[in-house]
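Mapping the sequence shown onto UniProt numbering, position 117 (from 1) lands on 117, and the numbers just tick up by one. Let me begin by presenting the structure, written as structure tokens, before commenting on it.
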Amino acid sequence: MKIIGSIFFLFICFKTSLFAQHIGLDPIVPGFGMVFQIPEATEVPDPDQEFKIIIDLVSAADNPLQVNRMVDNIARMLNLHGVGGVKKEQLNVKVAVHGGAIYSILNNAYYQKLYGVDNPNLSTYEALKQAGVEFSICGQSLIARGMEPSDMWQGAEMALSMLTTLTKYVPQGYMLMRF
């Protein structure tokens, strides 16, 4: 009986140790974009570097009743840098929202009119804004879809276009990522 008890104890310790290594982390955007620490990783962000990133957010949600996984991916990108030792203050992130992604940044009233539910993305956008991310909405994408600036989440600024937003920031040294 002692042998079975010892084996069970060792099994529990081993499983707990494995589980502890794979706990989701969210150091920059709490509650969103969970990532994992990879102790064996040799390719990691430089914790002393300042990062300037502009994200071209164009992807629509697969299902309008669920969070757009590309919006959550922005939180993942920030949290991955945090797990890599980069402080929130070293991340200067801007997001240019256009194309199908416009639907993810609608205010609740307009989203309810289209889909009959509150916008599931707004809490992610709010958390990203709290983490210092700045958002701009492509005015061209908005008008092309018959929408008004008042239909959008109020945490974002209106831009002439995604194209002019990118041509403004990329020459300033911002790394372009497309989600």
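Don't be surprised by glycine CBs; every beta carbon is placed ideally from N, CA and C.
Asked, Found
"Going by the CB atoms, is the gap between Val93 and Val58 shorter than 7 Å?", "no"
"Could you say which of Ala60, Gly85, Leu65 lies nearest to Val44 if we only look at CA atoms?", "Gly85"
"Of the residues Asp46, Leu91, Phe32, which one's Cα is nearest the Cα of Arg69?", "Phe32"
"In this structure, does DSSP put Asn63 in helix, strand or coil?", "coil"
"In terms of alpha-carbon separation, which member of Val67, Val97, Asp62 lies closest to Met152?", "Val97"
"Given a cut-off of 7 Å on the beta-carbon distance, is the pair Ala127 and Val29 in contact?", "yes"
"Can you tell which of Val67, Ser150, Asn73 has the C-alpha that lies nearest to the C-alpha of Val95?", "Asn73"
"According to DSSP, is Phe14 helix, strand or coil?", "Note on Phe14: pLDDT 49, under 50, position unreliable in the model; the coordinate value appears next. Phe14 falls in the helix class under three-state DSSP."
"Please go through the same chain and pick out, in chain order, the residues whose beta-carbon is closer than 8 Å to the beta-carbon of Met177, but skip the five residues on each side of it.", "Ile53, Ile54, Ile55, Asp56, Met77"
"Which ranges would you report for the beta strand (DSSP E) in the stretch 31-115 if only whole runs of at least 3 residues count?", "51-57, 91-97"
"Can you tell me which residues form a DSSP beta bridge with Ile28?", "Ile28 is not bridged to any residue."
"Just to confirm my understanding: we take Val83, look at its own chain, exclude 5 residues before and 5 after, and list those with CB closer than 7 Å. What are they?", "Leu25, Pro27, Val35, Gln37"
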